[in-house]
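Residue numbers (our numbering), protein chains in the order written: chain A, 1395 to 1489; chain B, 1395 to 1489.
For every residue, glycine included, the Cβ atom is placed at its ideal position computed from N, Cα and C.
Number of protein chains: 2
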Amino acid sequence: MNLLFKALNDQTRRDILEMLREQDMTAGDIADKFDMTKPSISHHLSLLKQANLVVDIRKGQFIYYSLNTTVIDDIVKWFLKFNSNPTENENNQDS
Amino acid sequence: MNLLFKALNDQTRRDILEMLREQDMTAGDIADKFDMTKPSISHHLSLLKQANLVVDIRKGQFIYYSLNTTVIDDIVKWFLKFNSNPTENENNQDS
DNA sequence: TAGATATTTAGACAAATTTCTAAATATTAT
DNA sequence: ATAATATTTAGAAATTTGTCTAAATATCTA
């Protein structure tokens, strides 16, 4: 969970995920969409990869990045815990 | 979204959320659960509050913290985008 | 009012993060 | 082989973050 939340804690990386939702892209094409150097984007892609949010496949000179949505399922599960009452709780302090 | 992901990007803060899922707690009681000073916990609570993930209510000397689950709905919605194929326009948000 | 308790605010500092430039690696084409 | 293109790695600088201690604020009680 740590790497996952860390990867998501950056607007550029979230933007990359949203772009990859539309279609797979090469590292260079991704970098072209941002006002940022290629090494910086490469670093962001590395963090997304560490979190297993994306997968990369080399095709010749190019490296294609694509979403891995199975991790999304895990994180959604983590959040859904908070929407179900743990012990049917109205054990709250009311005035 | 920025404050939200920022708030979630810390194990201590995620632990606090999980504790508040069970029951509302005072700042002091929360701090007692961690090997960390009260000012540090107070800072974490401040970030959770900025993200609107928790709400605080003073009762006398004590300040009670409790979860705000409406924000969870928003973030889950953000994630569920990634589980529906954009080009084929399939909507699987019901669950 | 004074003292005790609960909590936050302020300021400092080390560690982590983001970004850059320069250089390295991998592949393709001439 | 050499050059060109695509991408990553390395190292450095600026910023942000997490934590601490000390001090401030708020409330309760004797």
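Inset, instruction - Leaving aside the five residues before and after residue 1465/B along the sequence, list all residues of the same chain whose C-beta is less than 6 Å from its C-beta, in chain order. - result: 1446, 1447
Legend entry - Endpoints, alpha helix (DSSP H) assigned at residue 1399/A: 1396 to 1402
Inset, instruction - Find out if the Cβ-Cβ distance for the pair residue 1460/B, residue 1414/B is shorter than 8 Å. - result: Their beta carbons are under 8 Å apart, which means residue 1460/B touches residue 1414/B by this criterion.
Inset, instruction - Give the residues from the stretch 1398 to 1410 of chain B that approach chain A closer than 7 Å (Cβ to any Cβ), ordered along the chain. - result: 1399, 1400, 1402, 1403, 1405
Inset, instruction - Compare the C-beta of residue 1415/A with all C-beta atoms of chain B and state if any pair is closer than 8 Å. - result: yes
Legend entry - C-beta atoms of residue 1463/B and residue 1476/A nearer than 8 Å: Yes, they are a contact pair.
Inset, instruction - Could you spell out the range, first to last residue, of the alpha helix (DSSP H) harbouring residue 1432/B? - result: 1432 to 1444 is the extent of the alpha helix (DSSP H) around residue 1432/B.
Legend entry - Test: residue 1442/A CB closer than 8 Å to a CB of chain B: Closer than 8 Å: no.
Legend entry - Beta carbon of residue 1444/A nearer than 8 Å to that of residue 1397/A: yes
Legend entry - For residue 1448/A, the residue or residues it bridges with in DSSP: 1461/A
Legend entry - Unbroken alpha helix (DSSP H) run spanning residue 1423/A, endpoints: 1421 to 1426
Legend entry - Whether residue 1456/B touches residue 1420/B by CB criterion (8 Å): yes
Legend entry - Identified DSSP bridge partners for residue 1473/B: Answer is none; residue 1473/B lacks a bridge partner.
Inset, instruction - Whole angstroms is fine: what's the gap from residue 1470/A's alpha carbon to residue 1395/B's? - result: 15 Å
Legend entry - Nearest-angstrom beta carbon gap, residue 1441/B and residue 1407/B [assumed within contact, 8 Å]: 6 Å
Legend entry - Cβ-based burial, residue 1439/B [other Cβ within 10 Å; buried from 16]: buried
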